[in-house]
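Take a look at the structure below.
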Amino acid sequence: MTEKSGWGQTVLGWFVVKDAAEAPEAAGEAAPAEPVAEEAQAPLPEPTAPLPAAAGGEVDFPKVFEAFGVDAEERDRFAKAADLLKSLPPGTDAAVQKTIVEASLKAFGIPIEKIIETGVEEIQALEGYQRKDAADAAATSREVQALVEGYEAKIREARSLLSQRLSESAAVAGKCNAKKLEVQRVLEFFGQEAVARVVRDSPRLVEPSAPKGATP
22 MTEKSGWGQT VLGWFVVKDA AEAPEAAGEA APAEPVAEEA QAPLPEPTAP
72 LPAAAGGEVD FPKVFEAFGV DAEERDRFAK AADLLKSLPP GTDAAVQKTI
122 VEASLKAFGI PIEKIIETGV EEIQALEGYQ RKDAADAAAT SREVQALVEG
172 YEAKIREARS LLSQRLSESA AVAGKCNAKK LEVQRVLEFF GQEAVARVVR
222 DSPRLVEPSA PKGATP
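Structure follows, in structure tokens:
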């Protein structure tokens, strides 16, 4: 294992993802996911201030670091070290890069240990923020799922009630029509004119309306 890959295994263990450039070339060299997951669930410092909301998925990193107590001055020093590393010519040997950065930091009186400590603090803060956001998203998912299931149950119940009511109404219509035919057969025995006369003269009966277009 090279020094670079060893660094990736020991320090990047705090990360859930890795830089694509550091991914193993051979499929058989893929690092197991389970140890990383277990390490990712190690206890982390709790935030000392409210965490910033990530509206639209945007993260306010300074606020995240501040919430987890990462000192602003130390963060500024770490940023300068990162900028110094980025300013080095592309393709510079890793050992040469390290020598240049360390020498520059010492020249400015910045302890290397503090840079490392701040970097790890930032990673811990990001991991903690990510965990809490994931937990909040999971809780929201459970709440929404329960709400959806509740509405779906009510919809099923409402549809069942509607189906039952329509079925009952169809049965009522069928039985009432059958009974009307039964009564109608008795009335037909007395003749249509007699029935029409009684309906017209009785205050308790209502004459049926004439069909549209019928001649009076």
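Residue numbers (the numbering used here): 22 to 237.
Glycine is no exception: its CB is placed at the ideal position from the N, C-alpha and C atoms.
Residues near residue i in its chain [Cβ-Cβ closer than 6 Å; skip 5 each side]
{"i": "A146", "result": "V85, F86, F89, V91"}
{"i": "L109", "result": "Q118"}
{"i": "R15", "result": "Past the boundaries of the shown model lies residue 15; the chain is included only from 22 to 237, so the question cannot be answered."}
Which listed residue (the options) has its alpha carbon closest to that of residue i
{"i": "V141", "options": "D81, R221, F99, G195", "result": "F99"}
{"i": "D97", "options": "Q213, R206, G212, K135", "result": "K135"}
Buried versus exposed, by CB contacts within 10 Å (16 or more), residue i
{"i": "E228", "result": "exposed"}
{"i": "G149", "result": "buried"}
{"i": "T69", "result": "exposed"}
{"i": "T139", "result": "buried"}
{"i": "D222", "result": "exposed"}
{"i": "E189", "result": "exposed"}
Opening and closing residue of the alpha helix (DSSP H) in which residue i lies
{"i": "F129", "result": "Neither: F129 is in no alpha helix (DSSP H) and is coded neither H nor E."}
{"i": "A158", "result": "133 to 211"}
{"i": "L106", "result": "93 to 108"}
{"i": "F89", "result": "Neither: F89 is in no alpha helix (DSSP H) and is coded neither H nor E."}
Through-space distance from residue j to residue i, alpha-carbon basis
{"i": "P66", "j": "L126", "result": "28 Å"}
{"i": "V216", "j": "A199", "result": "20 Å"}
{"i": "A103", "j": "E173", "result": "53 Å"}
{"i": "I121", "j": "Q166", "result": "55 Å"}
{"i": "K196", "j": "A156", "result": "60 Å"}
Short CB-CB distance (under 8 Å) between residue i and chain B
{"i": "E164", "result": "The displayed structure is made up of one protein chain only, and chain B is not part of it."}
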